[in-house]
Structure formats: structure tokens, C-alpha cells
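First comes the structure, then the notes that go with it.
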Amino acid sequence: MAETLATLAFLSAIAMILSTTSDKGKWLASLTALFCCIAFSTSSLESIQQSGGSVLVIVVGMAILLQYRIRQGLSMKYLNGMGGSV
């Protein structure tokens with residue numbers, strides 16, 4: 005189940021990159037954070053000590069910060085493009 009959610013998070017990050025060409029995609033960072041958070045919570049408790057678990061935590065924090073900055077009015081295209089590429 006966690007691999008499926010990580011794949012969905014990857015696909016939503018790709019959608020974040022592609023959203024730089026249109027005006028849609030305001031909530032893509034939230035979608036990425038949600039998928040990563042669920043993938044981390046469904047994995048084993050020891051996953052935070054592995055590189056995959058710590059990356060999920062970092063991506064959740066980054067995506068929440070990006071969504072916060074987008075809601076404050078900063079450039080959605082720039083933030084989604086940079087966040088999706090990271």
C-alpha cells in the first residue's frame with residue numbers, strides 16, 4: 005500500500021511541474037503532502053530510520069510550506085515548479 009501512495013505522490017509532483025504551463029494546480033502541493041503523509045503512516049514504525057521514511061517526512065514538510073506560501077499569494081507557477089522538481 006505504501007508503494008502505491010509513494011507512486012501517487014510522485015505523480016502529483018510531476019503534475020506540479022506540469023502545472024507551470026497553466027493556471028490550474030493550486031492544491032497540488034496539498035495532494036502531494038497528503039499522499040506522502042499517508043504513505044509514511046502506513047509503513048512500519050522503523051521507516052523513519054531508513055532513507056525512504058525520512059524523505060517522506062521532508063517532502064511532507066516542504067509541500068505543506070509550499071501550499072502555505074501559495075495560499076499567501078506568492079507565485080503558484082514558480083513554487084509548484086520548484087517544489088515538483090525537488
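So for the sequence shown, the numbering used here puts the first residue at 5; every next one is plus one. Ideal placement from N, C-alpha and C gives every residue a C-beta, glycine not left out.
Runs of the beta strand (DSSP E) spanning 3 or more residues and lying entirely within the segment 17 to 47 do not occur at all. L60 places its beta carbon 8 Å or farther from that of A33. Closest by C-alpha distance to M66, out of Q76, T8, S47, L83, is L83. Under the criterion of beta carbons closer than 8 Å, L9 and I42 qualify as touching, at roughly 5 Å. Rounded to the nearest angstrom, the gap between the Cα atoms of M20 and R73 is 15 Å.
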